[in-house]
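Contents: one structure, followed by commentary.
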Amino acid sequence: MLKIMPIYGTRPEAIKMAPIVKALEASEKFECIVTVTGQHREMLDQVNELFGIIPKHDLNIIKPRQTLNSVLTKTIEGLDALFAKDQPDAVIVQGDTTTVTAGALAAFNRGIPVIHVEAGLRSFNIFSPFPEEANRKITSQVSSLHLAPTSTSRDNLMREAIDPATIVVTGNTVIDALLEVVERKVPFKDETLEYLTEEGKRLVLVTSHRRENQGDAMRGIGRALARLADAEPEVHFILPAHKNPAVREALLPAIQDKSNVAVTEPLAYGEFTRMLAAAEVVLTDSGGVQEEAPGLGKPVLVMRDNTERPEAVDAGTVKLIGTNEDRIFDEVSILLNDRAAYDEMANAVNPYGDGHAAERTVAAIAELLGVGTRMPDFDVEELASNPV
């Protein structure tokens, strides 16, 4: 059997890698050597537990307030030792974190083929999102197989002179994961969330953690939430607070005394998908949420000036609003009070996947390694005519 080593370190990577891991484990062609770096810790472990994944290797690199360079060097050193021991036939990295770049560079330097899941996303601004845009571009240069989630991502790669024969459009595995987990209706550990959801209260889900938003921009986001809470007393704002102290120090002071703002610990993925399904509006600076929420018919307001995921913006289900306090207040208020504006965005057709991305991924890996044939590319036009 060919040895494939999926490498991931953060919760978003774990979510998107999980369907691939399960598909590899079900295949008779491959031995799956799951390796985690621990770039996130508790949130990463929660996802692995949810999907029944037990990593073979765990570098456990996480340290309080560590630098990007520290993460990069520790990951490369740890992975290099594992490569020498296990000698994988290929490694898989997903997305755009420091774990991804470290895994890709370490494998490339060992002569091991790199398979890049969610390849080809571009904001065209090397500093936003930071450092993700640079991580994506670096990883593309050393990858042997580029698994693009959409045709837009494929086109981005081709503009960078990536060989078209090495690109496969798979759809995004986050939709595979979402469609599986949302059906479980995982109970909330937080009694307040369970009550608000079961009572059918109007909910706005808020997530904010982007490095480039930390500081003044994030303090402005906190003030905007406080104003919204005062202006919309019947609406409950749900904020799963990121573990990063810099995030909490900026966001929480303005909202800590608001009775209709529920600040929680980060939600495990099963709970998060249930909240996503229950929310009326999603306000976020996350990348992955831009892909998930449209599949559940939820309008998404993105607190960024650009996005590497333009497909849902083009479809009208996602809107870029930046981080200006007044703009955030105005845009959320419109969706909460203008039904026509809300309905215009609440489009359940998701341009990112059909639930079969993992199958296409494993087939593409089999072709790369000479033991199979790839499947036809994901076609968003076909999905639009036959919604999930």
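Under this note's numbering, the first residue of the sequence shown is numbered 239, with each subsequent residue one higher. For every residue, glycine included, the Cβ atom is placed at its ideal position computed from N, Cα and C. Please read all numbers here as calculations on a predicted model, not as lab measurements.
For the set E619, V600 and T511, the Cα lying nearest the Cα of H354 is the one of V600.
Ranked by Cα distance from I459, the options A488, P425 and V473 are led by A488. Pairing E418 with A322, the inter-Cα distance amounts to about 36 Å. Straight-line measurement puts the Cα of K294 at about 13 Å from the Cα of G247.
Judged by their CB atoms, R374 and A357 are nearer to each other than the 9 Å cut-off. Rounded to whole angstroms, the Cβ separation of I299 and Q277 is 7 Å, and the two are in contact under 8 Å. Annotated as proximal: T555 and N585, with beta-carbon spacing under 9 Å.
The three-state secondary structure of F346, taken from DSSP, is helix. CA-CA distance, G453 to A345, rounds to 35 Å.
Taking E370 as reference, the option from T388, V338, S382 and E563 with the minimal CA-CA separation is V338. H474 sits away from R512, with the two beta carbons spaced by 9 Å or more. By the neighbour-count criterion, in which 16 or more other beta carbons inside 10 Å mark a residue as buried, R577 falls on the exposed side.
Taking a contact to require three or more Cβ pairs closer than 8 Å, the segment 271-286 and the segment 247-256 qualify as touching. Rounded to the nearest angstrom, the Cβ distance from S378 to L395 is 6 Å, consistent with a contact under 8 Å. Taking 9 Å as the cut-off, the beta carbon of L521 is found closer than this to the beta carbon of V444.
In its chain, beyond the 5 residues on either side, G409, N410 and I413 have a beta carbon closer than 6 Å to the beta carbon of G591. When the beta-carbon positions are compared, I330 and I258 come within less than 9 Å of each other.
Judged by their CB atoms, R360 and S391 are nearer to each other than the 9 Å cut-off.
Looking at the backbone, the Cα of L573 and that of L607 are separated by about 49 Å. Within the segment 486-559, complete beta strand (DSSP E) segments of at least 3 residues are found at 499-502, 519-522, 538-540 and 556-558, given in chain order. By the CB criterion at 9 Å, V519 and P504 fall outside the cutoff.
Counting only residues of its own chain and dropping the five nearest sequence neighbours on each side, L434 has a CB closer than 6 Å to the CB of H474. For Y246, the uninterrupted beta strand (DSSP E) run begins and ends at L240 to Y246, by DSSP.
Rounded to the nearest whole angstrom, the CA to CA distance from K267 to E280 is 32 Å. The alpha helix (DSSP H) runs lying completely inside the segment 574-615 and spanning 4 residues or more are 577-583 and 595-606, given in chain order.
Closest in alpha carbon position to K312, among E470, A340 and I291, is A340.
Spatial neighbours of G316 in its own chain (CB-CB distance under 8 Å, excluding positions within 5 residues in sequence) are listed in chain order as T275, L297 and I299. The continuous beta strand (DSSP E) containing L441 extends over residues R440 to T445. If only uninterrupted alpha helix (DSSP H) runs of at least 4 residues are considered, those enclosed by the segment 247-327 are 249-264, 280-289 and 306-324. Contact annotation: S366 and L466 have beta-carbon atoms that are not nearer than 9 Å. C-alpha of M255 to C-alpha of Q332: approximately 7 Å in a straight line.
Within the DSSP secondary-structure output, F475 pairs in a beta bridge with V442 and V499. DSSP, reduced to helix, strand and coil, places L359 outside both helices and strands of the structure shown, so it counts as coil. For V329, the three-state secondary structure derived from DSSP is strand. Nearest in C-alpha terms to Q494, of all of A516, A464 and Y507, is A464. The DSSP assignment places 383-386 as complete runs of the beta strand (DSSP E) inside the segment 370-395, in order along the chain (cut-off: 3 residues).
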